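Everything on this sheet refers to the single structure shown next.
Residue numbers (UniProt numbering): 1 to 347.
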């Protein structure tokens, strides 16, 4: 048995195909890691495992552990995220069963696989690998020195507004145009999709900006680093990570992500969502510390809970409010946002 960390950038320790573990996920957001893999790496996903109290699905075949291994699954991805990132007794038992079935296990939870003796022992007796995506590599303290290359960062009004999806969609659009562009993952789902990255919410606070400088160093090929944002400057729980990202990214451009109609900040019923214009200006102001020329180039709206007419109306209203192209990356793509990016920050 061995373990791997994101700094190794070695997905051979957690190779596809994957069984996606949903456990007893309470809702769609709780299964966002599994959902992201099905969306962006469907060819890697052979099945899902759901517990008896699971309330969501990523709409691929349900499988048990032995069945998934027989179908070719090499790694079980713990595809859920919860407050605090903890594993319950049921999850620990299921992970042991997956190892005994012959699969490696990779997890993005804050609670490490390697912190549980039963999991470590199961990996050892089966000769399997464990991968904790939220084990950060050693990183320097940020210094704010201007780096070569161009960078875009996605920011949000709240958590889980589509920052990873938007960043990946921009990468896809830019590459389709023959441009050099690379997604830089900062969360567990993005790390599983990209095969490398840094779990920025697991980095000691003093090193957050340095972690992003490490993730996106000098670039001399004329291309773009597209950096996945996290959290929100307006979320009382997670604003610190968002601010460190803004400073370390030194972004030339920002895209603001938002879910219209969300009643309150995720997990905080007593906090309403912030105003779009105020959110954008606060992010621009914070980014100017290390990137004085930063510009906003678009709005990415998550309209999954709206019908087609409602989604179109929400995009028009946001566009009229801020004078920026507004698109839902999943419904509409991001072509107009990329057009604005290339006009605002020319090659």
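Backbone N, C-alpha and C define an ideal beta-carbon position, used for all residues, glycine too.
Everything numeric in this text was worked out from a predicted model, so none of it was measured.
Exercise for the section: Measure the C-alpha to C-alpha separation of residue 28 and residue 162 and round it to an integer number of angstroms. Expected result: Your numbering for residue 28 matches position 28 in the chain shown. Your numbering for residue 162 matches position 162 in the chain shown. Between residue 28 and residue 162, the C-alpha separation is close to 13 Å.
Practice task
With residue 105 as the anchor, note down where its beta strand (DSSP E) starts and where it stops.
Solution key: Position 105 of the chain shown, counted from the first residue, corresponds to residue 105. Unbroken beta strand (DSSP E) run through residue 105: 104-107.
Handout entry: For residue 47, the residue or residues it bridges with in DSSP
Key = Along the chain shown, one-based indexing puts residue 47 at 47. In the DSSP output, where bridge partners are listed per residue, residue 47 has 19.
Practice task
Along the beta strand (DSSP E) that carries residue 132, what are the first and last residues, could you check?
Solution key: Walking along the chain shown from the start, residue 132 turns up at place 132. That run of the beta strand (DSSP E) goes 130-132.
Practice task
Within its chain, find whatever has a CB closer than 6 Å to the CB of residue 231; leave out the 5 residues flanking it on each side and keep chain order.
Solution key: By 1-based counting over the chain shown, the position of residue 231 is 231. Result list for residue 231: 159, 238, 241, 242, in chain order.
Practice task
Could you check the C-alpha separation between residue 6 and residue 15 for me, to the nearest Å?
Solution key: Mapped onto the chain shown, residue 6 falls at position 6. Mapped onto the chain shown, residue 15 falls at position 15. Because the pLDDT of residue 6 is 39, which lies under 50, any placement of that residue in the model is unreliable, and the question is left without a value.
Handout entry: Option in 214, 77, 55 with minimal Cα separation from residue 13
Key = Here residue 13 corresponds to residue number 13 of the chain shown, with the count starting at 1. When only C-alpha atoms are compared, the closest one is 77.
Exercise for the section: Look at residue 108 and residue 133 and say whether their C-beta atoms are less than 8 Å apart. Expected result: Here residue 108 is taken as the residue at index 108 of the chain shown, counted from 1. Here residue 133 is taken as the residue at index 133 of the chain shown, counted from 1. Yes.
Handout entry: residue 404, enclosing beta strand (DSSP E) - first and last residue
Key = There is no way to answer for residue 404, as the model of the chain reaches only from 1 to 347.
Problem - For residue 301: DSSP bridge partner residues - result: Against the chain shown, residue 301 aligns to sequence position 301. DSSP lists 258 as partners of residue 301.
Handout entry: Residue span of the beta strand (DSSP E) that contains residue 224, given as start and end
Key = Start at 1 with the first residue of the chain shown, and residue 224 comes out as number 224. Residue 224: member of the beta strand (DSSP E) spanning 224-227, first to last residue.
Practice task
Look at the alpha carbon of residue 23 and the alpha carbon of residue 188, and state the distance between them as a whole number of angstroms.
Solution key: Position 23 of the chain shown, counted from the first residue, corresponds to residue 23. Position 188 of the chain shown, counted from the first residue, corresponds to residue 188. Their backbone Cα atoms lie some 17 Å apart in a straight line.
Problem - Three or more C-beta pairs below 8 Å linking the segment 85-94 and the segment 34-48 - result: no
Exercise for the section: Answer yes or no: do residue 170 and residue 186 have a C-beta to C-beta separation smaller than 8 Å? Expected result: As a working mapping, residue 170 is identified with position 170 in the chain shown. As a working mapping, residue 186 is identified with position 186 in the chain shown. Cβ distance not < 8 Å, so residue 170 and residue 186 don't count as in contact.
Practice task
For residue 62, verify whether its CB is less than 7 Å away from any heavy atom of the ligand ZN.
Solution key: Here there are no bound small molecules, and the ligand ZN is not part of this structure.
Exercise for the section: Spell out a yes or no on whether the segment 283-296 and the segment 243-255 are touching, meaning 3 or more CB-CB pairs, one atom from each, closer than 8 Å. Expected result: yes
Practice task
Could you name the residues of the same chain whose beta carbon sits closer than 8 Å to that of residue 316, not counting the 5 residues immediately before and after it, in chain order?
Solution key: For the purposes of this step, residue 316 is taken as residue 316 along the chain shown, with counting starting at 1. Answer for residue 316: 326, listed in chain order.
Practice task
Mind checking who residue 286 pairs with in its DSSP beta bridge?
Solution key: Start at 1 with the first residue of the chain shown, and residue 286 comes out as number 286. Partner(s): none; residue 286 has no beta bridge.
Exercise for the section: Answer yes if the segment 304-314 comes into contact with the segment 260-272, meaning at least three C-beta pairs across the two stretches below 8 Å, and no otherwise. Expected result: yes
Exercise for the section: Report the rounded CA-to-CA distance for residue 2 versus residue 324, giving the unit in angstroms. Expected result: The residue you call residue 2 lines up with position 2 of the chain shown. The residue you call residue 324 lines up with position 324 of the chain shown. Because residue 2 carries a pLDDT of 48, less than 50, the predicted location of this residue cannot be relied on, and the following value inherits that uncertainty. So the alpha carbons of these two residues sit roughly 48 Å apart.
Exercise for the section: Apply the 10 Å Cβ neighbour rule to residue 255 and answer buried if 16 or more other Cβ atoms are within range, or exposed otherwise. Expected result: One-based indexing of the chain shown puts residue 255 at position 255. Counting Cβ neighbours within 10 Å, residue 255 comes out buried, since at least 16 surround it.
Practice task
Spatial neighbours of residue 155 within its chain, please: CB distance less than 6 Å, with the 5 preceding and 5 following residues excluded, ordered by chain position.
Solution key: For the purposes of this step, residue 155 is taken as the residue at position 155 of the chain shown. Result list for residue 155: 229, 254, 256, 283, in chain order.
Practice task
Give me the Cα-Cα distance between residue 202 and residue 126, rounded to the nearest whole angstrom.
Solution key: Looking up residue 202 in the chain shown gives position 202. Looking up residue 126 in the chain shown gives position 126. Put simply, the backbone Cα of residue 202 is about 29 Å away from that of residue 126.
Practice task
Could you check what DSSP says for residue 346 in three-state terms: helix, strand or coil?
Solution key: Position 346 of the chain shown, counting from 1, holds the residue named residue 346. Residue state, collapsed to three classes: coil.
Exercise for the section: For residue 25, collect the residues of the same chain with a Cβ closer than 6 Å to its Cβ; drop the 5 residues on either side in sequence, then sort them by chain order. Expected result: Here residue 25 refers to the residue found at position 25 of the chain shown. For residue 25, where only same-chain residues beyond five positions count, the Cβ hits under 6 Å are 31, 54, 56, 80.
Practice task
To the nearest angstrom, report how far apart residue 111 and residue 49 are at their CA atoms.
Solution key: The sequence position of residue 111 within the chain shown is 111, counting from 1. The sequence position of residue 49 within the chain shown is 49, counting from 1. So the alpha carbons of these two residues sit roughly 20 Å apart.
Handout entry: Boundaries of the alpha helix (DSSP H) in which residue 239 is found, first to last residue
Key = By 1-based counting over the chain shown, the position of residue 239 is 239. Where residue 239 is concerned, the enclosing alpha helix (DSSP H) stretches over 239-249.
Problem - 6 Å Cβ shell around residue 165 - same chain, five flanking residues per side excluded - result: Numbered from 1 along the chain shown, position 165 holds the residue referred to as residue 165. Excluding residues within five positions, the ones whose Cβ falls inside 6 Å are 329.
Handout entry: Whole-angstrom C-beta distance between residue 333 and residue 173, which should lie under 8 Å
Key = For the purposes of this step, residue 173 is taken as residue 173 along the chain shown, with counting starting at 1. For the purposes of this step, residue 333 is taken as residue 333 along the chain shown, with counting starting at 1. About 7 Å separates the two Cβ atoms, so the contact holds.
Exercise for the section: Could you tell me which of 146, 101, 272 sits nearest to residue 290, measuring between CA atoms? Expected result: Along the chain shown, read from residue 1 onward, the residue named residue 290 stands at position 290. Checked all of 146, 101, 272; the closest Cα to residue 290 is 146.
Exercise for the section: Could you have a look at residue 152 and say whether DSSP puts it in helix, strand or coil? Expected result: Translated into positions along the chain shown, residue 152 becomes position 152. Strand.
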